[in-house]
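Residue numbers (the working numbering): -15 to 133.
To start, the structure itself, in structure tokens.
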């Protein structure tokens, strides 16, 4: 029998999955492996504090993808605001060199991408997409660099 991934509360049972993407401010290449590890550790802490389950986190050098499960009382905007504010503050504390790269005191852009994910059709596809994000992006980027040479 498969594991039930629903969140059970007193009056509801839900399975709300979101694919969310945050670009780094000015699309700077700020997500180094060290920053990415800090980001992932922070997200696990955020998940415990705010009833969010980070199913998958995939970062490239200038943006990050999340597959998140949350409770119905938390809107997508609330999820995004909490993640952005906490991670930005802590990344600046733990990696002060990032402040030199991103002037103005912001780590993330003000915008984001969010999409709901269906349980039966899209979850595994989105999960694999996020896992392979940096590999695919680098492959496409390398092809673009050699396009005119």
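From the three backbone atoms N, C-alpha and C, an ideal C-beta is built for every residue, glycine too.
Sheet register partners of residue i (DSSP bridge)
i	result
residue 94	Residue 94 is not bridged to any residue.
residue 99	3
residue 53	1 and 37
residue -8	-3
Of the listed residues the options, nearest to residue i (C-alpha basis)
i	options	result
residue -10	36, 29 and 17	36
residue 115	49, 89 and 32	49
residue 113	83, -13 and 3	3
residue -6	85, 17 and 55	55
residue 18	81, -8, 67 and -1	81
residue 20	-1, 78 and 87	78
residue 59	99, 25, 22 and 89	99
residue 89	28, 68 and 109	68
residue 43	32, 57 and 11	11
residue -2	27, 57 and 26	57
residue 15	117, 47 and 32	47
Sub-8 Å separation of residue i and residue j beta-carbons
i	j	result
residue 91	residue 5	no
residue 53	residue 39	yes
residue 70	residue 41	no
residue 34	residue 73	no
residue 84	residue 9	no
residue 64	residue 1	no
residue 7	residue 93	yes
residue 23	residue 110	no
Nearest-angstrom beta carbon gap, residue j and residue i [assumed within contact, 8 Å]
i	j	result
residue 13	residue -12	That belief does not hold up - the Cβ atoms of residue 13 and residue -12 are roughly 40 Å apart, past 8 Å.
Which whole runs of the alpha helix (DSSP H) in the stretch -3 to 50 are 4 residues long or more, in chain order? Those alpha helix (DSSP H) runs which fall completely within the stretch -3 to 50 and span 4+ residues are 17 to 34.
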